[in-house]
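Protein chains: 2
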Amino acid sequence: MTLGEIAQTRLSEIASCSATGAGVTRLPFTPEHRLALNHIRHWMTAAGLEVHMDAAATLVGRLEGPVGSKTLLIGSHQDSVPNGGRYDGIMGVLLPCLALEKLHSDGETLPFSVEILAFADEEGVRFPTALLGPRALAGTYDNSVLDLADQDGVTLRAAITEFGEDPPQLDRLARNPADILGYLETHIEQGPVLETHDAPLGVVTGICGIERNNVRFVGRTGHAGTVPMADRRDALVAASRLIASVADTAKATNTVRATVGAISVQPNAVNAIPETADFPLEVRSISDEARQDFTDQIRVLGAQIARDSGLAFEMEQTYVQPAVACDIDLSETLAGAVQHAGFPLITLPSGATHDASAMSDLCPIAMLFVRCKHGLSHRPDEHANAADMNAAVDAIAGFLASLAASGSTRNHHEPPL
Amino acid sequence: MTLGEIAQTRLSEIASCSATGAGVTRLPFTPEHRLALNHIRHWMTAAGLEVHMDAAATLVGRLEGPVGSKTLLIGSHQDSVPNGGRYDGIMGVLLPCLALEKLHSDGETLPFSVEILAFADEEGVRFPTALLGPRALAGTYDNSVLDLADQDGVTLRAAITEFGEDPPQLDRLARNPADILGYLETHIEQGPVLETHDAPLGVVTGICGIERNNVRFVGRTGHAGTVPMADRRDALVAASRLIASVADTAKATNTVRATVGAISVQPNAVNAIPETADFPLEVRSISDEARQDFTDQIRVLGAQIARDSGLAFEMEQTYVQPAVACDIDLSETLAGAVQHAGFPLITLPSGATHDASAMSDLCPIAMLFVRCKHGLSHRPDEHANAADMNAAVDAIAGFLASLAASGSTRNHHEPPL
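Going line by line, the protein sequences match chains W and G. Going by my numbering, the residue at position 101 of the first sequence is 111; the numbering climbs one at a time, nothing skipped. Going by my numbering, the residue at position 80 of the second sequence is 90; the numbering climbs one at a time, nothing skipped.
Below is the structure:
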C-alpha cells in the first residue's frame with residue numbers, strides 16, 4: 011500500500027466526521043470537529059509528534075529538533091464548507107504527517123523542529139470571520155471577532171471556550187518570527203490548471219489579491235412595446251455590454267480573473283425595460299497593480315457605456331485584500347523537491363485564500379497544490395488521486411530533506427555550528 | 011370650457027372609482043367597476059345614446075341610425091392595471107361620447123348607427139385571460155376561459171354572473187360582420203413617439219405582433235478565483251453577449267422592438283462562475299415576417315455564442331400573437347380628420363395590445379393615439395393634456411363626419427338608395 015493509498019483511506023475515514031447530508035460538513039468547534047481531532051491526533055502520533063490543542067483550537071503536533079533550531083510550520087485546516095469534499099484543508103494536515111512518517115522510516119533526522127498545524131476554521135462558514143488560528147500565531151488577530159456570533163447566537167468566544175478547557179488566551183499564542191523557518195501548506199488546487207497540464211503537483215507563486223465592487227447602471231424603464239429602440243435607456247443592455255467586456259478584458263490581461271457571479275434588474279418583468287441593473291464584480295490577481303489597472307479600465311468602460319446610452323453608472327469597491335507572494339527561496343526548494351520526485355514543475359497562482367495568507371504575516375510561506383479532478387471543489391465529488399497524493403508526500407519529504415541539507419535552519423541568534 | 015377640459019374633469023371624477031392605493035386600481039366585475047359604469051352611463055346618455063350592459067359586462071351605448079344602415083363600433087376598456095393611470099382605456103370610452111355630443115350640437119346627423127363600447131377587461135390583471143368583451147362580439151371567445159379563477163378562487167363565470175343579472179349567454183353576442191362598418195379605438199399612446207414629434211395625435215398603422223421566448227445558456231460553474239479565464243464556460247457572459255446583440259440587432263431593423271426585461275443566474279454568488287443564465291426575450295413588430303426573421307437571427311447568434319464558449323443554448327417560444335393591420339380606408343379617413351382638424355399626421359405602430367386586436371376578427375379597425383406625457387403609462391402619473399384630448403374629440407368627430415359623407419355606410423345586402 012502506497013502512502014497515497016493510505017492517505018486515501020484515512021481521508022475516507024475522517025470524512026465520516028461530518029454533519030448529516032451529502033459530502034462533508036464539518037464546521038469548527040462542533041462534535042464533528044472533536045471527532046476529527048481524534049483521527050488527526052492518531053496521524054500525528056504515528057508520525058512521532060507530540061500533540062496539544064492551542065487556545066485557538068488549533069491541533070498542534072510538534073517534532074522537537076536540536077536545541078536552538080528553528081521551527082518549520084506545516085499545516086492547513088480541518089473544517090469544510092457545508093456539503094463539501096474530503097480533501098479541501100484536511101489533506102494538507104494528513105500528507106505532511108505521512109511525509110514525516112516516510113522520513114522517519116528512511117532514517118532521516120531533521121536539524122530543525124517541525125510543527126504540523128490543524129487549524130479550526132478557514133472557511134468562515136459558521137462565524138462571519140475566519141483564520142483565527144493562523145492570525146493568533148501571527149499576532150494579527152482582532153479581539154473583537156470573539157464577540158461575533160453564529161446563526162444560533164453562540165459567540166466565537168463561547169464556542170472556543172466550550173470546545174477547549176479554558177477561556178481562550180489567544181494573546182499568548184503569537185510566535186516570534188525569528189524562531190520560525192517558514193510555513194508550508196499543501197492544498198487541493200480547486201481549479202483545473204494542473205489537470206490541463208497533466209501534472210500531479212503545482213508550486214504556488216502567491217495568493218491572489220481580491221477586490222469586490224458593487225456596480226450599478228440606472229436607466230429608465232418603459233413599456234417593452236411602446237418605447238422605440240432608439241429612445242431606450244436599458245440598464246440591462248448597458249450591464250451586458252460591461253459584463254462581456256469584463257470577461258474579454260480579463261482574458262486579455264492573462265493575470266486577472268474577473269467574475270460577475272450574480273445580477274439583478276428592476277422592475278424585472280418580461281415586458282418592462284430594465285430601469286436598474288446591479289451586479290457584483292470580483293477581481294483577483296497575483297499582481298495588485300494589474301488588479302487595480304483592470305478595475306480602473308472597467309470603471310472607465312462602464313462610464314463610457316453609460317454615457318453612450320444616457321444612463322447613470324456607479325461602481326463602488328466594497329472589499330479589498332492585497333495579494334500575498336510566496337517566498338522565493340522556500341518555493342525554489344519546493345520546486346526542486348517536486349522535480350527531484352520526478353514530476354514536471356508547474357507554477358501557478360492561488361485564486362483562493364488559504365491559511366497561508368494569514369501565516370504570511372508571521373513568516374515566509376510556500377504552497378504545494380495537488381491536482382483536482384475536473385477542477386471541482388467545495389462539492390461532495392471533490393477528488394484527488396492516491397497517486398497524486400503519493401507524489402505530494404514525496405515532494406513534502408523532499409522539501410524537508412532539502413531544507414535540512416541547506417544548513418540555514420538554525421535560529422539567527424545562535425552562532426552557526 | 012373646451013370639450014378637452016370637460017374630458018379632463020370627467021376622467022378625474024371617474025378616477026375615484028378605484029380600490030385604495032396610489033393611482034387608479036379598477037379591476038373588472040368589482041364594486042369599482044360598477045361605480046364607474048354609473049359615470050359612463052351618464053356620458054353615454056348625455057351623448058344621446060341608449061344604454062345597456064351585454065352578457066360580457068360590456069356597457070353598450072347605441073345611437074340608432076336609419077333603417078338598414080350599418081353600425082360603427084367605437085370603444086375601449088374601463089379597467090386599469092393596479093395603481094395605473096386615469097387615461098389608459100377609459101379615455102377611449104369618454105372622448106367618442108364627447109365627439110357625438112359635439113356633432114349633435116353642430117346639428118350633424120349620421121347615416122349609420124354608432125355604438126360606444128366600454129369593455130370590462132382588457133388588462134387581464136384579475137383573471138389569467140382578457141378581451142372577453144370584444145371576443146364575444148367577434149364570436150372568437152373560448153368558453154373554457156369562463157372556468158378560470160382569480161386569486162381568490164372566483165371563476166370568471168361567477169364574477170360575470172354576480173356582476174350582471176343572469177348567467178352570461180355569451181354566444182348570443184356575436185355580431186354579423188356584414189352589419190358592422192368598423193371599429194375605432196382611441197387610446198393614450200403609452201410611449202414617447204408623439205411627444206418626440208411634438209404632435210397631439212397619431213394614426214396607428216397596426217398592432218404589433220408579440221412573441222416571447224425563454225432563453226437559457228448552460229455552462230459550468232467554478233470558483234471565481236481558481237478557474238482561469240480561458241477555461242471558463244460562464245453562462246452570464248454568454249447571456250450578456252446575446253442581450254447586447256438583441257438591442258443592437260433590433261435597433262438596426264427599425265421595425266422590431268426587442269426587450270430582455272428580467273434575468274436570473276445560478277448559483278448566483280459573488281464568487282461563483284454562473285452555470286446557468288435564464289432570461290425571457292420579448293419581440294414585437296408590426297411585421298410578423300420581420301419579427302420572425304429577427305428571432306431567427308437571435309437564435310443563430312445565441313447558438314454561435316454558445317458554441318464559441320462551450321456552452322449549451324436553448325431558446326423556446328412560449329407565446330406568439332400575430333400582428334394586426336389597421337384598415338387602410340378607415341385609417342386614411344382618420345388621417346384626413348386629424349389633418350383637417352389642424353394637426354400634423356404622425357403614423358406609428360402600436361407596440362401594446364388593445365381591444366382593437368380582438369375586434370379585428372370581426373371588422374376593419376382603426377386607432378387614434380393621444381400624446382402621453384413623458385411616454386409614461388400604467389402609473390399614477392400617466393397624463394394626457396386637455397388640449398390633446400380636445401384635438402382627439404375634433405378628430406373623432408371629423409372622422410364620423412367624413413364617414414357620413416363617404417356614402418359607403420349602408421349594409422351591403424341592402425340596395426343603395
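Beta carbons are placed, not taken as given, at the ideal position from N, Cα and C, and that holds for glycine. None of the values given here were measured: they were computed from a predicted structure.
Residues of the segment 305–322 of chain G with a C-beta atom less than 7 Å from some C-beta of chain W do not occur.
In this structure, the beta-carbon distance from W:S86 to W:E195 falls below 9 Å. For W:C218, the chain G residues whose Cβ falls inside 8 Å of its Cβ are G235, in order along the chain. The segment 15–103 of chain W contains, as complete beta strand (DSSP E) runs of 3+ residues, the segments 60–63, 69–73, 81–87 (chain order).
What W:L246 touches in chain G, judged by beta-carbon distance under 7 Å, is I253, V270, I273, going in chain order. Nearest C-alpha to G:A245 among W:S250, W:R242, W:D241: W:S250.
In the three-state DSSP reduction, G:T263 falls in the helix class (H, G or I).
For the segment 96–123 of chain G, the set of residues with a beta-carbon nearer than 9 Å to any beta-carbon of chain W is empty.
Taking 4 residues as the minimum length, the alpha helix (DSSP H) runs contained wholly in the segment 192–264 of chain W are 203–206, 245–263, in order along the chain.
Taking 7 Å as the Cβ-Cβ cut-off, the segment 356–385 of chain G approaches chain W at G361, A362, G385, given in chain order. With a threshold of 9 Å between beta carbons, W:G201 makes contact with chain G.
Here the segment 70–88 of chain W lies against the segment 105–121 of chain W, with 3 or more beta-carbon pairs under 8 Å apart. In the three-state reduction of the DSSP assignment, W:D288 falls in the strand class, which pools E and B. Closest by C-alpha distance to G:P277, out of W:I273, W:P277, W:T357, is W:I273. Distance between W:V164 and W:L142, taken at the CA atoms: about 16 Å. For G:S274, the uninterrupted beta strand (DSSP E) run begins and ends at 274–276, by DSSP. Judged by their CB atoms, W:V403 and W:L108 are nearer to each other than the 9 Å cut-off.
Taking a beta-carbon distance threshold of 9 Å, W:T206 counts as an interface residue toward chain G. Non-local beta-carbon contacts of W:A316 in its own chain, meaning distances under 7 Å to residues more than five positions away in sequence, involve F227, A248, A322, F323 in chain order. The continuous beta strand (DSSP E) containing W:T357 extends over residues 357–360. Look at G:I126 here: in three-state DSSP terms it is strand. Residue range 375–380 is occupied by the beta strand (DSSP E) that includes G:L378. The continuous beta strand (DSSP E) containing W:Q331 extends over residues 322–331. When 7 Å is used as the limit between beta carbons, G:S250 is near these residues of chain W: S250, I253, A254, in chain order. Closest by C-alpha distance to W:N281, out of G:R267, G:E23, G:V275, G:V280, is G:R267. Looking at the backbone, the Cα of G:I84 and that of G:S295 are separated by about 25 Å. The way I'd put it, the segment 193–210 of chain G does touch the segment 95–109 of chain G; three or more beta-carbon pairs between them come closer than 8 Å. Chain W has no Cβ within less than 9 Å of the Cβ of G:I50. Boundaries of the alpha helix (DSSP H) around W:N400: 396–416.
The C-alpha of W:V275 is placed about 41 Å away from the C-alpha of G:A405. Residues of chain W with a Cβ closer than 8 Å to the Cβ of G:I283 are, in chain order, T269, G271. Using a CB distance below 7 Å, the part of the segment 290–305 of chain W facing chain G consists of P290, E292, R294, ordered along the chain.
Going by DSSP, W:V135 is part of no alpha helix (DSSP H) at all; its letter is neither H nor E. Put simply, the CB of W:N395 is far from chain G, with every gap to its CB atoms at 9 Å or more. The Cβ atoms of G:G14 and G:N400 sit closer than 9 Å to each other. As a beta-bridge residue in DSSP terms, G:R294 pairs with G:I220, G:R267.
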